[in-house]
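Data first, discussion second: the structure below is written as structure tokens.
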Amino acid sequence: MWPSTSRAARWLAGWAGLLFPPRCLVCGREVGDLTPICASCWAEIPRWDTVCVVCGVGVEPGLDLCPECAVEARPFAWARSVGPYEGVLRALVLLVKYGGERAVAKILAREMAERVAGEVAIVTWVPADPLRLRARGFHGAEILGQEVARALGIPAQALLRKLSPSPEQVGRPREERLKAMHGLFSATKKGRGQPVLVVDDVMTTGATAGEAARALLAAGFGEVGVLTCAHTVGKE
Ligand SMILES: [Zn+2]
Ligand SMILES: [Zn+2]
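Here my numbering is used: the first residue of the sequence shown is 437, the next is one more, and so on.
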């Protein structure tokens with residue numbers, strides 16, 4: 437056993453739930469069972485009633501398409517997210533993205549898996565920037581992808597690699613940003629028409645997901661669907 441006076445031992449015991457009751461990772465309230473999030477935080481996850489049938493962003497009731505999808509063809513067949521990138525959902529995404537919290541990824545993945553809107557044979561994820569991956573040691577989208585695959589009962593595979601560092605996006609006009617993203621990814625293997633699901637943490641303009649879809653389609657994979665935890669709204 438650890439000496440009871442050691443701070444490290446107390447921390448370890450607390451972490452293992454031996455000494456302190458487990459607490460909600462969002463609000464810090466005690467939780468009774470082995471869930472990382474309390475019921476009231478879970479109930480506060482923002483959701484949309486009506487979404488764009490293509491990109492999954494919230495739209496006014498009665499509309500099928502958001503303003504972007506109404507005028508622009510998307511390389512992916514469909515995209516869905518749990519809800520808008522705000523409040524509790526944003527907090528949960530950050531726990532996965534910067535903390536690598538697998539327990540949180542697992543509960544988000546179950547919500548995401550319920551929103552699949554087409555055929556899926558393989559799950560993959562938007563790849564990390566290699567430098568960022570080395571610094572952080574984990575990749576939130578990959579953790580989410582593995583958990584979504586588990587929830588759906590289908591295989592997860594790294595099908596994409598990132599070719600160049602992310603272009604600096606802030607303050608650039610939309611057209612320029614889209615152009616800078618062309619050829620950002622390539623597929624790691626050839627497909628035989630299998631429908632692929634690409635997982636990522638957050639969708640903003642859909643440009644990243646679109647480039648991932650383009651690379652998979654070019655390599656011979658079938659229809660590409662996209663699942664993200666959250667979708668940003670309003671400003672990009
Ligand atoms: Zn809570
Ligand atoms: Zn849309």
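Built from N, CA and C at the ideal position, the CB exists for glycine as well.
Straight-line Cα distance separating I473 from C460: Taking the straight line from one Cα to the other gives about 5 Å.
Inter-residue spacing [alpha-carbon to alpha-carbon] between T664 and F512: Their Cα atoms are separated by approximately 13 Å.
Host alpha helix (DSSP H) of A506 (start-end): Looking at the DSSP string, the run of the alpha helix (DSSP H) that includes A506 is 503-507.
Contact set for A651: own chain, Cβ-Cβ below 7 Å, skip 5 residues either direction: Excluding five sequence positions before and after A651, the CB atoms of its chain that fall closer than 7 Å to its own CB belong to L596, F621, S622, A623, given in chain order.
For A655, the three-state DSSP class (helix, strand or coil): If DSSP states are grouped into helix, strand and coil, A655 belongs with coil.
Check: V490 C-beta below 7 Å from any heavy atom of ligand 2: At least one heavy atom of ligand 2 sits closer than 7 Å to the Cβ of V490.
Cα-Cα separation, L633 to L544: Approximately 16 Å, taken between the alpha carbons.
A666 (DSSP reduced to helix, strand or coil): Here A666 sits in strand by DSSP.
L525 vs A666 beta-carbon contact at 8 Å: Yes, the pair counts as a contact, with Cβ atoms nearer than the cut-off.
Burial state of K533 (16 or more Cβ within 10 Å): Per the 10 Å Cβ criterion, buried.
Proximity of V635 and A557 at Cβ, strictly below 8 Å: Cβ atoms of V635 and A557: not closer than 8 Å.
Separation of A654 from L588, as counted between CA atoms: Cα to Cα, the separation comes out at about 25 Å.
Cβ distance (whole Å) where G656 is taken to contact G629 below 8 Å: That belief holds up - the Cβ atoms of G656 and G629 are roughly 7 Å apart, short of 8 Å.
Contiguous beta strand (DSSP E) assignments of at least 3 residues, all confined to the region 500-554: As far as the region 500-554 is concerned, its whole beta strand (DSSP E) runs of at least 3 residues are 514-520.
CB of V518 within 8 Å of CB of I481, strictly: V518 is a Cβ neighbour of I481, given a cutoff of 8 Å.
Alpha-carbon spacing of G627 relative to G658, whole angstroms: Each residue's CA atom was taken as its position, placing G627 and G658 some 8 Å apart.
C-alpha distance - W484 paired with Q593, whole-angstrom precision: Straight-line Cα distance between these residues: approximately 30 Å.
DSSP state of R597 mapped onto helix, strand, coil: Looking at R597 - three-state DSSP - the assignment turns out to be strand.
CB of A549 within 8 Å of CB of V493, strictly: Between A549 and V493, the gap from beta carbon to beta carbon reaches 8 Å or more.
Extent of the continuous beta strand (DSSP E) to which I558 belongs: Looking at the DSSP string, the run of the beta strand (DSSP E) that includes I558 is 558-561.
I543 Cβ short of 7 Å to ligand 3 heavy atom set: For the structure depicted, ligand 3 is absent and the ligand set comprises only ligand 1 and ligand 2.
Candidates A509, C477, L499, P457: closest to G406 by CA position: What the structure shows of the chain is the stretch from 437 to 672, and residue 406 is not part of that stretch, so it cannot be assessed.
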